[in-house]
Each structure stands twice: as structure tokens, then as C-alpha cells.
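Accompanying notes for the structure given below.
There are 2 protein chains.
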Amino acid sequence: MPWEKQFDKQAALDKALQAFWTRGYEATSMQELVDCTGVNRGSLYATYGDKRALFISALHMYDDARRRMLSEFEARYPPRDAIRRVFLSFMTGLTEDGSNRGCFITNTALELAAHDAEIRDIVATAQQDVEDFFKRMVKCGKAAGNIADHVKPADAARGLLASLLGFVVLVRSRPEPALLQGVLSDALRRLD
Amino acid sequence: MPWEKQFDKQAALDKALQAFWTRGYEATSMQELVDCTGVNRGSLYATYGDKRALFISALHMYDDARRRMLSEFEARYPPRDAIRRVFLSFMTGLTEDGSNRGCFITNTALELAAHDAEIRDIVATAQQDVEDFFKRMVKCGKAAGNIADHVKPADAARGLLASLLGFVVLVRSRPEPALLQGVLSDALRRLD
DNA sequence: ATTTGTCTTGAACAATCGTTCTAGACTCTC
DNA sequence: GAGAGTCTAGAACGATTGTTCAAGACAAAT
Chain X
18 MPWEKQFDKQ AALDKALQAF WTRGYEATSM QELVDCTGVN RGSLYATYGD KRALFISALH
78 MYDDARRRML SEFEARYPPR DAIRRVFLSF MTGLTEDGSN RGCFITNTAL ELAAHDAEIR
138 DIVATAQQDV EDFFKRMVKC GKAAGNIADH VKPADAARGL LASLLGFVVL VRSRPEPALL
198 QGVLSDALRR LD
Chain A
18 MPWEKQFDKQ AALDKALQAF WTRGYEATSM QELVDCTGVN RGSLYATYGD KRALFISALH
78 MYDDARRRML SEFEARYPPR DAIRRVFLSF MTGLTEDGSN RGCFITNTAL ELAAHDAEIR
138 DIVATAQQDV EDFFKRMVKC GKAAGNIADH VKPADAARGL LASLLGFVVL VRSRPEPALL
198 QGVLSDALRR LD
């Protein structure tokens, strides 16, 4: 029974995730992944498979974190605040180190979803999941009384999803705080 | 004064645009561009410069078409309808040949804008231009009486821009007509 | 008809791509 | 300590990347 793996699989995968998130799939070479993970070429292939498989693993890791985030927001905050915090969560990466990476899933949606069925499924499921989250929050907010009665949860949820996707596009391409704040305010105005 | 160019520069550039639009910058090789334009490697370089310069030329060509489209909508249609038609214009490529390419500028926003200042400027200007278009349309619609009085043009325009960007993300990643129609209806509900 | 100068052509460039393979290093079991 | 088996290390694979170059093809000017 010889020898465990010498590197932290999760930590290495997270490093790879950061690289893919920052530069995208095509623009990130295996050499860069070897460098940034600190894991040798052979070990990378032995552990995760080829580049595409490594990317999908990273995408799943990101998606799991997203799922946990939504659960936490749903449990901790009143519905309207939970919705607002989802938007804000994509702005935090903005000030951390100056790099504007936006949402990894949305970046992937535009780069790969159109040509890769498996990736499209992951992206679509994540988007649907966010939409469902919004729908639950709107319903819940209406019950609590701080979201207007005339708002239809299903319609508002779809609209909020689109606003969120547009928001993360702007985070990556035009990260001006005033613009992002304006978009967020207008998106939430839907609930009044 | 010897010899004009033997191929149609505009036609070749349009072919290149289609390729970049479909697959993105990194995933489109010079070999593919040679094949799909029908123009020889050397001529491609002599005419447009390197790959990045060719891409930027294609981006400008697309951006000019977008600008003409907005002008036409602004001249021909009542404001609310003009706004709606901007959204719909990104759905047409959907049914034409089944390929869902979305918006070339938005695809580029996520792939390259974060790491290339010149491209970021083109993208940002285009986004600003659409926002300004929306603002004019909202103002105009309020004056005409078919957009509600309480709507603030600047805020609504930013919100519409985000909704549009989200819309085109969905066109490329989850092109279900019902979903897109729902997003569009909800975006326009802002104006009631 | 020769010259002139741009255009086209396709081979060729070095560099990098994703991937594989062969040694050697190491930890465990017997 | 010998053997077994998985891990690491880095060279090496052929293919493809973006780009350049030298030679030939062509239309206009002399």
C-alpha cells in the first residue's frame, strides 16, 4: 500500500480554478497550470485527466461554492437582502486584488457552452438554480411583506437572473462602481 | 501603379468576423481564418496585420453594423418598440442556422476585455452607446406618453443595458425561446 | 518588351500546444 | 532489507500555434 498523493488535490484544483477563471479555458496553457498549481505535468494528468477534464473539475468546484453561498444567504438573511448580496458577492473579487474576473460560470457560458454539451448542462443547471433561488426569495419576501404584492415570482426571478448575468458581464468588462451600483438598484426596483 | 488587391477586403473580413464570433478569439486559429476567408496567409498578414489586428478590425466591422442598426431603429420605430427590437435582433441569429452566437461584443467583453485595454475601450464605448440609446428612447417614450412618468431615463437605461447583456448571455448558453421571451417581457415591464 | 512594384503563393520558421513516457524516488508490506 | 507499487520529475512526442520569407504571378508604366 505505497504512498499517498504528495500534493493537496483540493488546493491544486483551486489554483487551477483561479487560472481558468482569470484567463479562460483556451488562453490557459497546461504549462501555466503546472506552474500555478506547483504540481508536475504527469501528476496533473494522472489525477484529473486531460485539460478539459481538469477544467470541468474546476467548474464543479466553483459551482459547489456558489451553491453553498446561496444556501448560506437563504438561511441567514431576509429575502430581499439575500438577493442583493448575490449581486454584491460578484463585486468583492473586484477590490481584493484589482483583478476583475466576474463570474466563472458566466465566462464559461460564453466561451464554451455553445460548443460543448456537457459544459452547457453544467452552466444551464447553475443558471436555473439561481433563478429558482430568486423565485423562492421573491415568494418569501412577498409573504413577509417587503416585496410588493403585484410582483410575479417566476417573472421577477427570470428578470433578476438576466440582470445578474448582465451585472457580471459589466464587472468583468467595465468595473465602475457607480455603474454597478446603478444596475443593482434598478434590478431591485423590480420588487417595489 | 501595379495591381489592385485580388480579393474583396470587406467580404474576407466578414468571413473572419463570423469565425471569431462563433468560436471566440483564442479558439480560432490563423489556419481556420485562411480556410474560411479563402485568402492566403501572407495576404491576410499584409492586409490586416497580425491576428489581434485582424480581430480588432472584425470587431470594428461588427460595431459599425450595430451602430447602423440602432440608428435605423431610432429613426423608424416608436421608442418602446425600438427598445424591444434591439433585444429581438439578437434572437434572429438563433433560428437562422441553429447556431447561437449571441452578441460578438459581449462575447469579447468576457474573453478579452479584462486583459486588453484597447479592446476594453471598444467594448466599453459600445456598451455606453447602447445605454445612451436606451436613455434617449426612454425620454422620448415618456414625452410620447407610452412610458410611465415615474421612470427615470438614466436609471432605466442602465437597467435595460444589464438586462440586454444578460439576455445575450442566455442566447448563447441557454437559447430557449420561452426563457428569452420571459426575460424580455420582464425587462420592458420596467417602463410601465 | 522591359521595367517596376505590389500581390499571391506555399513552404518554412521557431515556439508552444496538449499529451505521453521512461526513469528514478519514495512509502509501505512482508 | 527485499519486493511491490504508486508517485514524481522532466525530457520528449508529434501536432499545431502565429508569423515570416523567398520566389513567382500579374497589371500598369515606360
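So the protein lines, in turn, are chains X and A. Just so you know, we're using this note's numbering here: the first sequence kicks off at 18 and counts up by one. Just so you know, we're using this note's numbering here: the second sequence kicks off at 18 and counts up by one. Backbone N, C-alpha and C fix where the C-beta goes; we use that ideal spot for every residue, glycine too.
- When rounded, the separation of the alpha-carbon atoms in ALA28 (chain A) and SER190 (chain X) is 29 Å.
- For PRO192 (chain X), the number of other beta carbons within 10 angstroms of its own is at least 16, and it is reported as buried.
- In terms of beta-carbon proximity, SER106 (chain A) stays away from the interface with chain X, with every pair separated by 9 Å or more.
- With fewer than 16 neighbouring CB atoms inside 10 Å of its own CB, GLN145 (chain X) falls in the exposed class.
- LEU129 (chain A) carries a coil assignment under DSSP once its states are collapsed to helix, strand and coil.
- Taking 9 Å as the cut-off, the beta carbon of PHE151 (chain X) is found closer than this to the beta carbon of ALA173 (chain X).
- A straight-line Cα-Cα distance of about 26 Å links MET154 (chain A) and ALA195 (chain A).
- Across the structure, PHE104 (chain X) and VAL188 (chain X) are spaced so that their CA atoms are roughly 10 Å apart.
- Counting C-beta atoms within 10 angstroms of its own C-beta, ARG118 (chain X) has 16 or more neighbours from the protein chains shown and is therefore classed as buried.
- In the DSSP assignment, PRO192 (chain X) falls outside any alpha helix (DSSP H) and carries neither an H nor an E.
- Taking all protein chains shown into account, LYS26 (chain X) has fewer than 16 neighbouring C-beta atoms within 10 Å of its C-beta and is therefore exposed.
- Collapsing the DSSP output to three states places GLU148 (chain X) in a helix.
- Note on ALA134 (chain X): under 16 other CB atoms within 10 angstroms of its CB, so exposed under the neighbour-count rule.
- HIS132 (chain X) and THR123 (chain X) have their C-alpha atoms some 15 Å from each other.
- Secondary structure of TYR94 (chain X) (DSSP, three-state): coil.
- Secondary structure note for TYR62 (chain A): its alpha helix (DSSP H) is the uninterrupted segment 58-65.
- At least 9 Å separates the CB of SER74 (chain X) from every CB of chain A.
- In chain order, GLY199, SER202, ASP203 and ARG206 make up the part of chain A whose C-beta sits under 9 Å from the C-beta of ASP172 (chain X).
- Within the same chain, Cβ atoms closer than 8 Å to the Cβ of TYR79 (chain X) are found at LEU34, TRP38, PHE121 and ILE122, the five residues on either side in sequence being excluded.
- Interface residue (Cβ-Cβ distance to chain X less than 9 Å): VAL103 (chain A) is not classified as such.
- Under the 10 Å beta carbon count, PRO96 (chain X) is surrounded by 16 or more other beta carbons and is classified as buried.
- Boundaries of the alpha helix (DSSP H) around ALA33 (chain A): 26-40.
- Under the Cβ criterion of 9 Å, LEU71 (chain X) is not counted among the residues facing chain A.
- Taking each of X:ALA130, X:LEU71 and X:HIS77 in turn and checking the Cα distance to THR54 (chain X), the smallest one comes out for X:LEU71.
- Judged by beta-carbon spacing, GLU148 (chain A) lies beyond the 9 Å limit of GLU43 (chain X), meaning their Cβ atoms are not closer than that value.
- Taking the CA atoms as reference points, THR125 (chain A) sits about 29 Å from LEU208 (chain A).
- For ASP166 (chain A), there is no enclosing alpha helix (DSSP H), since its DSSP letter is neither H nor E.
- Counting along the chain, no alpha helix (DSSP H) covers THR45 (chain X), and no H or E run does either.
- Near chain A, meaning a CB-to-CB distance below 8 Å, the residues of the region 122-142 of chain X are THR123, ASN124, ALA126, LEU127, GLU128, ALA130, ALA131, HIS132, ARG137, VAL140 and ALA141.
- Check the Cα spacing between LEU182 (chain X) and each of X:ALA165, X:LEU197, X:TYR94 and X:GLY59: the tightest is with X:LEU197.
- Taking 9 Å as the cut-off between beta carbons, the residues of the region 23-53 of chain A near chain X are THR39, ARG40, GLY41, TYR42, GLU43 and ALA44, in sequence order.
- Taking C-beta atoms as the reference points, ALA171 (chain A) and GLY66 (chain X) fail to come closer than 9 Å.
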